[in-house]
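In my numbering, the protein residues as written are 6 to 272.
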């Protein structure tokens, strides 16, 4: 191996370790947990990948039961999904999630290659949060948004995206895009329903009849934001261990989520 190659590997490893140990440690949010579950062993292990959940203000668009919208399905969805990622991939995965807050001064978000935001039809980001999220994404970060439904919530979400990226459109992700094929071929997609629709005879909420998979791309053609509208992958993760939740929907939610993770770490 040439000296230059050894040098590059050494520098890359040093930078990786510096970032790894600069990460903020695990923290619980007991008053904001919507579906509490036991903290698993290995909750603060230093690993290759961690489920990072975005904590954002709901403000004028409201929260749930006095809590912020960011914590829907939290933390059971996160920890159940992590079990699947451990079982179905070779990633070294932490057993507990990491809550990422854009208001902190330590720029913690830059340490996590994949960040998940739920119920973004209620987010109410500040200018500073929009700026930091834009910078994170342009530096190579990835945001998966999920569990928002209908025209009203779409417009609230889109208003936030326009402030993050006023110069970049939200577009449909083509079926052939690598994000649907990087590990699993997710070709024929169904509407992943939330448990709130159970017993109603339908799989959608509000007027969100048709599920969509949209994205925002960078200048190199990389998906920076994976948008799951009119669907609820978080509920599928949260209730995957329940006999009442449809296996087909849960299976798709796991395959899609894992694809987004692998894509985020390789593109």
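Cβ atoms here follow ideal geometry from the backbone N, Cα and C, with glycine treated the same way.
Here the structure is a predicted model, which is why all the values come from computation and not from measurement.
Exposure of residue i, with buried meaning 16 or more beta-carbon neighbours within 10 Å
i: residue 51; result: exposed
i: residue 36; result: exposed
i: residue 114; result: buried
i: residue 205; result: exposed
i: residue 164; result: exposed
i: residue 98; result: buried
i: residue 156; result: exposed
i: residue 78; result: buried
i: residue 158; result: buried
i: residue 81; result: buried
i: residue 125; result: buried
i: residue 262; result: buried
i: residue 195; result: exposed
i: residue 109; result: exposed
i: residue 190; result: exposed
Contacts around residue i, its chain only, beta-carbon distance under 6 Å, and the 5 residues preceding and following it disregarded
i: residue 187; result: 264, 267, 268
i: residue 259; result: 89
i: residue 91; result: 98
i: residue 55; result: 99, 103
i: residue 29; result: 113
i: residue 62; result: 129
i: residue 218; result: 178
i: residue 72; result: 37
Residue i - partner residues in DSSP beta bridges
i: residue 232; result: 150, 219
i: residue 121; result: 58, 149
i: residue 80; result: 40
i: residue 103; result: 57
i: residue 175; result: Note: residue 175 sits in no beta bridge, so no partner.
i: residue 98; result: 54
Distance, residue j Cα to residue i Cα
i: residue 93; j: residue 116; result: 23 Å
i: residue 145; j: residue 225; result: 11 Å
i: residue 256; j: residue 122; result: 20 Å
i: residue 26; j: residue 107; result: With a pLDDT of only 41 at residue 26, under 50, the local geometry of the prediction cannot be trusted, and no value is derived from it.
i: residue 249; j: residue 111; result: 42 Å
i: residue 18; j: residue 105; result: Only weak support is given to the placement of residue 18: the predicted model assigns it a pLDDT of 40, under 50, and the question is left unresolved by the model.
i: residue 271; j: residue 179; result: 19 Å
i: residue 274; j: residue 209; result: As shown, the chain starts at 6 and ends at 272. That puts residue 274 outside it, with no answer to give.
i: residue 161; j: residue 74; result: 13 Å
i: residue 216; j: residue 120; result: 21 Å
i: residue 147; j: residue 141; result: 8 Å
i: residue 53; j: residue 38; result: 25 Å
i: residue 167; j: residue 127; result: 15 Å
i: residue 220; j: residue 42; result: 32 Å
i: residue 143; j: residue 118; result: 12 Å
i: residue 132; j: residue 76; result: 21 Å
i: residue 207; j: residue 251; result: 13 Å
i: residue 200; j: residue 214; result: 15 Å
i: residue 59; j: residue 33; result: 14 Å
Sequence-distant residues of the same chain with beta carbon closer than 7 Å to residue i, five excluded per side
i: residue 101; result: 31, 44, 45, 48, 84
i: residue 243; result: 40, 78, 81, 82, 85
i: residue 64; result: 129
i: residue 254; result: 195, 197, 198, 241
i: residue 170; result: 139, 221
i: residue 67; result: 127
i: residue 212; result: 155, 156
i: residue 96; result: 53, 54, 90
Spatial neighbours of residue i in its chain, beta-carbon cut-off 8 Å, leaving aside the 5 residues before and after
i: residue 222; result: 173, 176, 228, 229
i: residue 246; result: 85
i: residue 192; result: 180, 185
i: residue 202; result: 208, 209, 210
(request) Determine, using beta-carbon pairs with one atom in the stretch 178-198 and one in the stretch 219-235, whether at least three such pairs fall under 8 Å. (result) Contact between the stretch 178-198 and the stretch 219-235 is present: 3 or more CB-CB pairs across the two stretches fall below 8 Å.
(request) Report yes or no: do three or more beta-carbon pairs, one from the stretch 127-138 and one from the stretch 79-96, lie closer than 8 Å? (result) Touching, no, given that fewer than three Cβ pairs across the two stretches are closer than 8 Å.
(message) When you compare the stretch 236-253 with the stretch 143-159, are there three or more beta-carbon pairs, one atom per stretch, that lie closer than 8 Å?
(response) Segments in contact, yes.
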